Amino acid sequence: MTFDMVVSDRIQSCIYENAHVALDQEEYQKRYGTLSDRFDKAKARFEEIEEAIGSKQSRRAAIETFLNDLRDANIVDNFEVSLWCGLLDFVTIYSRDNVVFTFRNGTEIRYSG
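Throughout the sequence shown, residue numbering follows the working numbering, covering 340 to 452 in sequence.
The structure is reproduced here in structure tokens:
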């Protein structure tokens with residue numbers, strides 16, 4: 340039995356007791372309010388956890404799809420000039436030992452020989 344079910348049962352029990360037994364209404368309202376607050380907090384926490392689980396499941400599915408696509412992809416295992424030129428935007432040569440390769444996506448790789 341989960342926490343929110345326990346609190347919900349206690350609230351129902353409290354309501355039943357109030358309907359069938361003569362109770363001090365101020366005490367009843369206090370007890371009901373406390374139980375209701377506990378239930379609301381438990382429900383909010385449950386919804387947070389449920390959202391986190393959904394987010395993680397979506398992320399897992401995306402990662403699995405990516406890994407499957409990567410497994411099925413043709414991996415480049417040798418240098419191809421056409422591929423290199425398709426990826427590279429420009430090269431900045433500051434000196435023989437200081438070269439920066441800038442790719443089309445904005446990534447920069449610095450070579451310091």
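Note that beta-carbon positions come from the ideal geometry of N, C-alpha and C, so glycine has one too. If you're wondering where the values come from, they're calculated on a predicted model, not measured in any experiment.
Cβ-Cβ distance between residue i and residue j below 7 Å
{"i": "F429", "j": "T441", "result": "yes"}
{"i": "R437", "j": "S451", "result": "Before going on, a small fix: residue 437 reads as Asn here, not Arg. It is a contact, given that the beta carbons lie within the stated cut-off."}
Distance between residue j and residue i (C-alpha atoms, nearest Å)
{"i": "V345", "j": "F378", "result": "9 Å"}
{"i": "T404", "j": "E390", "result": "21 Å"}
{"i": "K380", "j": "E386", "result": "10 Å"}
{"i": "L456", "j": "R435", "result": "Lying outside 340 to 452, the shown extent of the chain, residue 456 is not represented and no answer is given."}
{"i": "R398", "j": "I388", "result": "15 Å"}
{"i": "A400", "j": "N413", "result": "22 Å"}
{"i": "G425", "j": "R384", "result": "50 Å"}
{"i": "N444", "j": "D376", "result": "51 Å"}
{"i": "Q396", "j": "D411", "result": "23 Å"}
Cut-off 8 Å between Cβ atoms - residues of its own chain near residue i, not counting five sequence neighbours on either side
{"i": "N407", "result": "none"}
{"i": "F418", "result": "none"}
{"i": "Y433", "result": "V439"}
Residue from the options whose Cα sits closest to the Cα of residue i
{"i": "G372", "options": "D416, I354, R410", "result": "I354"}
{"i": "L374", "options": "F385, Y433, Q351, D416", "result": "Q351"}
{"i": "K382", "options": "C424, S347, Y433", "result": "S347"}
Own chain, CB closer than 6 Å to residue i, minus 5 neighbours either side, in chain order
{"i": "V439", "result": "T431, E447, R449"}
Contacts around residue i, its chain only, beta-carbon distance under 7 Å, and the 5 residues preceding and following it disregarded
{"i": "R370", "result": "C353"}
{"i": "R349", "result": "L374"}
Short CB-CB distance (under 7 Å) between residue i and chain C
{"i": "Y450", "result": "Among the chains of the structure shown, chain C does not appear; only one protein chain is present."}
Which runs of the beta strand (DSSP E) fall wholly inside the segment 379-442 and span at least 3 residues, in chain order?
If we require 3 residues or more, the beta strand (DSSP E) runs fully inside the segment 379-442 come out as 427-434, 437-442.
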